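First comes the structure, then the notes that go with it.
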Amino acid sequence: MASETDNRIKRKAKPVEAMTNVPLSKAAWTPEEDKKLAEVIAVHGAKRWKSIASKAALNRCGKSCRLRWLNYLRPNIKRGNISDQEEDLILRLHKLLGNRWALIAGRLPGRTDNEIKNYWNSHLSKKIKQREKHSSGSSTKEKQEVAAEQKIPDEAEVIREEVSTEEAEDSSSKPSFDVDSFFDFSVEEGPLNLEWVSQFLELDETNLGLFSQ
DNA sequence: AAGGTAGGCAACCGCCACACG
DNA sequence: TCGTGTGGCGGTTGCCTACCT
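See the structure below:
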């Protein structure tokens, strides 16, 4: 594993006595555990997590194994260094969807919902609050932004509908953007194909620009 | 140098949806 | 139709580091 991970493991490792007499370990994952888990998944596939946990003889529940695999061990995972483009995309997707981290992560190749959620909570939410301070206006547009950023799924859904309505009303001069088809993963490009990002950002310049500052 | 505190992040918890018998 | 098992998701916690006083 990467040295960064090793350091964290050392940091977060709990005292041995805390791990005794405990049926399932909740301590940080060790490189040995990672290796065992990866080996079992290589043989049996990433499904039936309870079975994987027992096959790997790890003192972990299936959920824990799944989380570890999805967030750290699976191939093509990107760690850290979220680019400006990715950050911008997260902001825009969050405005559309609210705290639907899994959906947002699904459109950021190599990123996990947990990473995006953490990044949002530690970086982006603060940025937005600062922006709000600077822009004290009360236009409909800004109200929509604030509502979408208040982690209220239902309200975010309403906002999405409002956006769709506005798009429909204003579709004569601008290309249409179908949010539902955008998030229809049944037609999926390769996991690392970033073409859709460019397409989305181009659309955003016209249709979703109403969200931009 | 020491203590306090905020930030960052890995991991767990609880709830929900779905599949299956 | 109902009960159970499993997986997925968002929210939250807890620990360590870095920074500040």
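Quick note: the first sequence, position 11, residue 216 per our numbering, numbers continuous. Ideal placement from N, C-alpha and C gives every residue a C-beta, glycine not left out. Here the structure is a predicted model, which means the values were calculated and not measured.
Smallest Cα separation from residue i: which of the options?
i, options, result
"G267", "G311, A251, L329", "A251"
"I333", "P314, I309, I282, H299", "H299"
"S269", "I246, L313, S230", "S230"
"P280", "W254, A247, A232, Q335", "A247"
Just how far apart, CA to CA, sit residue i and residue j?
i, j, result
"E354", "E337", "Because the pLDDT of E354 is 45, which lies under 50, any placement of that residue in the model is unreliable, and the number read from its coordinates should be weighed accordingly. If you take the alpha carbons of E354 and E337, they lie about 11 Å apart."
"W234", "N319", "16 Å"
"G311", "R305", "10 Å"
"R271", "H328", "26 Å"
"I257", "L242", "8 Å"
"L278", "G303", "27 Å"
"I282", "I309", "15 Å"
"H249", "Q335", "48 Å"
"L301", "S330", "15 Å"
"E237", "W254", "18 Å"
"S259", "T317", "25 Å"
"E244", "R273", "13 Å"
"K240", "A232", "16 Å"
"A307", "G315", "12 Å"
Assuming contact is defined by CB atoms lying nearer than 8 Å, are residue i and residue j in contact in what I supplied?
i, j, result
"E291", "L313", "yes"
- Query: Quick check: the segment 316-330 against the segment 291-298, are there 3 or more CB pairs under 8 Å?
  - Reply: The answer is yes - the segment 291-298 touches the segment 316-330, with three or more Cβ pairs under 8 Å.
- At least three beta-carbon pairs within less than 8 Å, the segment 262-271 to the segment 280-287: In this structure the segment 262-271 does not touch the segment 280-287; the number of beta carbon pairs closer than 8 Å is below three.
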